[in-house]
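The sequence shown runs contiguously to residue 376 in our numbering. Beta carbons: idealized from backbone N, C-alpha and C, even for Gly.
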Amino acid sequence: MKIAVLPGDGIGPEIVEQAVLVLNALGESFEMETAPVGGAGYEAHGHPLPEGTLKLAKEADAILFGAVGDWKYDTLERALRPEQAILGLRKNLNLFANLRPAILYPELAGASTLKPEVVSGLDILIIRELTGDVYFGQPRGVRECPDGPFKGQREGFDTMRYAEGEIRRIAHVAFQAAQKRDKRLTSVDKANVLETFQFWKEIVIDVHREYPDVALDHMYVDNAAMQLVRAPKKFDVMVTGNLFGDILSDCAAMLTGSIGMLPSASLDANNKGLYEPSHGSAPDIAGKGVANPLATILSAAMMLRYSLNKPQQADRIEAAVKKVLAQGLRTPDIFEAGMRKVGTREMGAAVLQALV
Ligand code: IPM
Ligand code: MG
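1) State the DSSP-derived secondary structure class of R250, mapped to helix, strand or coil.
2) Between D29 and G108, is the Cβ-Cβ spacing less than 8 Å?
3) Measuring only from the beta carbon, is D266 closer than 7 Å to any heavy atom that is part of the ligand IPM?
4) If you compare alpha carbons, which of R350, V376, M323 and I317 is closest to L41?
5) Give the C-beta separation of G32 and G86 to the nearest angstrom, bearing in mind that I take them to be a contact with Cβ-Cβ under 8 Å.
6) Among R189, L84 and A306, which residue has its Cα nearest to the Cα of R148?
7) With 16 as the cutoff for other CB atoms within 10 Å, does Q333 come out buried or exposed?
8) Apart from the five residues on each side of it in sequence, which residues of its chain come closer than 7 Å, Cβ to Cβ, to E103?
9) Alpha carbon to alpha carbon, how far is A346 from P331? Give it in angstroms, no decimals.
10) How about D29: is its Cβ closer than 7 Å to a heavy atom in the ligand MG?
11) With a threshold of 7 Å (Cβ to nearest heavy atom), would D202 be considered close to the ligand MG?
12) Quick check on the DSSP output: the beta strand (DSSP E) that includes K22 runs from which residue to which?
13) When you compare each of A131, P70, N262 and A64 to I354 by their alpha carbons, which one comes out closest?
14) Got a sec: does the ligand MG put a non-hydrogen atom nearer than 7 Å to the Cβ of D153?
15) From M21 to N291, what distance separates their C-alpha atoms?
16) Using only the heavy atoms of the ligand IPM, determine whether one of them is closer than 7 Å to the beta carbon of L145.
17) When we look at the beta-carbon of G176 and count the other beta-carbons within 10 Å, is it buried (16 or more) or exposed?
18) Quick one: any contact between the region 188 to 202 and the region 160 to 177, if contact means 3 or more CB pairs under 8 Å?
19) Assuming contact is defined by CB atoms lying nearer than 8 Å, are R380 and L375 in contact in what I supplied?
20) Grouping DSSP H, G and I as helix and E and B as strand, with all else coil, what is G309?
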C-alpha cells in the first residue's frame with residue numbers, strides 16, 4: 021500500500037513527521053513517498069500543485085496531507101496561491117465527501133470556551149460536500165455590472181450550483197454514516213432564500229426514502245450555526261454544501277476546545293482519500309516545535325480505517341492518543357494548569373510509547 025505524504029507549509033512538516041513515525045511503528049509495510057505541495061510546491065517547482073505531486077497523489081492508495089498557506093504568498097495571483105493545491109487535489113481526485121468529526125475528549129472539557137455541561141460528551145460528524153457549490157461553480161470572476169443601481173461598475177461574482185447527482189452521492193454518504201452512528205441526520209441548507217439549496221433539500225428528502233431507519237431533519241444554516249453553539253450535543257450527523265460546511269466545521273471544531281485535535285478525511289466514491297488535520301498551517305508558530313501533532317496522527321488513524329482497511333490499527337492509534345491525554349501531556353494549544361506542557365516531538369514520541 022502506497023501513501024503519498026504531502027507535508028506542505030507552516031507547521032505541516034513538523035506535524036506530518038510525527039504522524040509518519042506513528043504509521044511506521046505499526047509493523048505494517050507501507051510504502052511512503054513525500055512530495056512538495058502549497059507554498060513548498062511553488063518554491064520547488066513554481067506551482068502549488070506540481071505535476072509530480074499530483075501524479076503521486078493519483079497513484080497512491082491514500083494521501084497524508086499537512087497544511088498549506090503562508091501570508092508571504094498573499095500577493096501571488098490566485099492560481100499560484102498555496103490554497104489552490106488543496107482545492108486542486110480535491111477536484112482532480114474527485115474527493116467529494118469530507119468527513120469532519122468533532123469529538124470532545126473528556127480530558128479536554130475545560131479547554132472549550134463553552135461551559136463543560138454544554139460540550140461534555142460531544143460527538144458529532146459534519147459531512148461537507150467538497151467539490152461543488154460556489155467553490156467551483158462557473159462562471160466566476162470580475163466583470164462589468166450588467167444592471168441595477170451599480171450598473172457599469174466592476175462587480176465580483178461566483179456561481180452557486182449543485183447538480184442532482186452531486187447531491188445524491190453526498191446524501192448517500194451521509195445517510196450511511198448516520199446508520200453507523202445514532203441514526204440521526206440533519207441536512208443544513210438555505211432553502212428559504214437560495215434555489216440551489218431548495219433543490220438540495222428536495223433531493224435529500226428523496227434519497228431519504230432509501231434509509232427509513234435514519235431520522236432526517238432540515239435546518240437553515242444560520243439556525244444551525246446558532247444551535248451548534250447553543251446545544252451542540254443535539255446533533256449526530258450533519259450534511260451540507262461546500263461553503264456552509266467550511267464555516268460550520270470550523271465552528272464545530274472550536275466547540276471541542278482545540279482545533280489542534282481534529283482530523284478529517286476527504287473521500288472519493290471508492291474510499292480513496294486524503295487525510296488532513298482540520299486546522300491550517302499556523303505560520304505564526306511554524307518551526308517552533310510547539311504545534312499539536314494529534315490532529316494529524318488522528319488523521320492517519322482515519323486513513324487506516326477508511327482507505328487502507330486496517331481498523332484495528334486505527335483503534336491502536338486512537339487508544340494511544342487517549343492514553344497520552346490521560347497522562348496529562350498537553351501541547352500549548354490545549355494546556356491547562358496542572359498538566360505537563362510538551363512540544364510537537366515529545367507529544368509524538370509519547371503516542372509512539374503508548375501504542376500497544
Ligand atoms: C478548509 C480550508 C480550505 C477551504 C481553504 C484552505 C481553501 O478552509 O479545508 O476548510 O476553504 O476548504
Ligand atoms: Mg475551512
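According to the data block:
1) As a first step, residue 250 is located in the sequence shown; it is residue number 230 there, counting from the start. Secondary structure of R250 (DSSP, three-state): helix.
2) On the sequence shown, position 9 is the one that residue 29 refers to. On the sequence shown, position 88 is the one that residue 108 refers to. No.
3) Along the sequence shown, read from residue 1 onward, the residue named residue 266 stands at position 246. Residue side-chain check: D266 places its Cβ nearer than 7 Å to a non-hydrogen atom of the ligand IPM.
4) Taking the sequence shown and counting its residues from 1, one reaches residue 41 at position 21. The residue with the shortest Cα to Cα distance from L41 is I317.
5) Your numbering for residue 32 matches position 12 in the sequence shown. Your numbering for residue 86 matches position 66 in the sequence shown. Going by Cβ atoms, the distance from G32 to G86 rounds to 3 Å, so yes, they are a contact pair.
6) Taking the first residue of the sequence shown as 1, we reach residue 148 at position 128. The residue from R189, L84 and A306 with its alpha-carbon nearest to that of R148 is R189.
7) One-based indexing of the sequence shown puts residue 333 at position 313. So Q333 ends up on the buried side.
8) What you label residue 103 is simply residue 83 of the sequence shown in a count that begins at 1. The beta carbon of E103 sits closer than 7 Å to those of V88 and G89, all from its chain and outside the five residues before and after it, given in chain order.
9) Position 311 of the sequence shown, counting from 1, holds the residue named residue 331. Position 326 of the sequence shown, counting from 1, holds the residue named residue 346. The alpha-carbon atoms of P331 and A346 are separated by roughly 23 Å.
10) Here the question's residue 29 lines up with position 9 in the sequence shown. Incorrect: D29 has no Cβ contact closer than 7 Å to the ligand MG.
11) As a position in the sequence shown, residue 202 is number 182, starting the count at 1. D202 has its Cβ no nearer than 7 Å to any heavy atom of the ligand MG.
12) Along the sequence shown, read from residue 1 onward, the residue named residue 22 stands at position 2. Per DSSP, the unbroken beta strand (DSSP E) holding K22 starts and ends at K22 to G28.
13) Position 334 of the sequence shown, counted from the first residue, corresponds to residue 354. Measuring C-alpha to C-alpha distances from I354 to each of A131, P70, N262 and A64 identifies A131 as the nearest.
14) Numbered from 1 along the sequence shown, position 133 holds the residue referred to as residue 153. No, since every heavy atom of the ligand MG falls outside the 7 Å radius drawn around the Cβ of D153.
15) Taking the sequence shown and counting its residues from 1, one reaches residue 21 at position 1. Taking the sequence shown and counting its residues from 1, one reaches residue 291 at position 271. One alpha carbon belongs to M21, the other to N291, and they sit about 14 Å apart.
16) Within the sequence shown, numbered from 1, the residue matching residue 145 stands at position 125. No, the beta carbon of L145 sits no closer than 7 Å to any heavy atom of the ligand IPM.
17) As a position in the sequence shown, residue 176 is number 156, starting the count at 1. When all chains shown are included, G176 counts as exposed.
18) No, the region 188 to 202 is not in contact with the region 160 to 177.
19) Coverage of the chain is limited to positions 21 through 376, which leaves residue 380 absent and any answer about it impossible.
20) Your numbering for residue 309 matches position 289 in the sequence shown. Three-state result, G309: coil.
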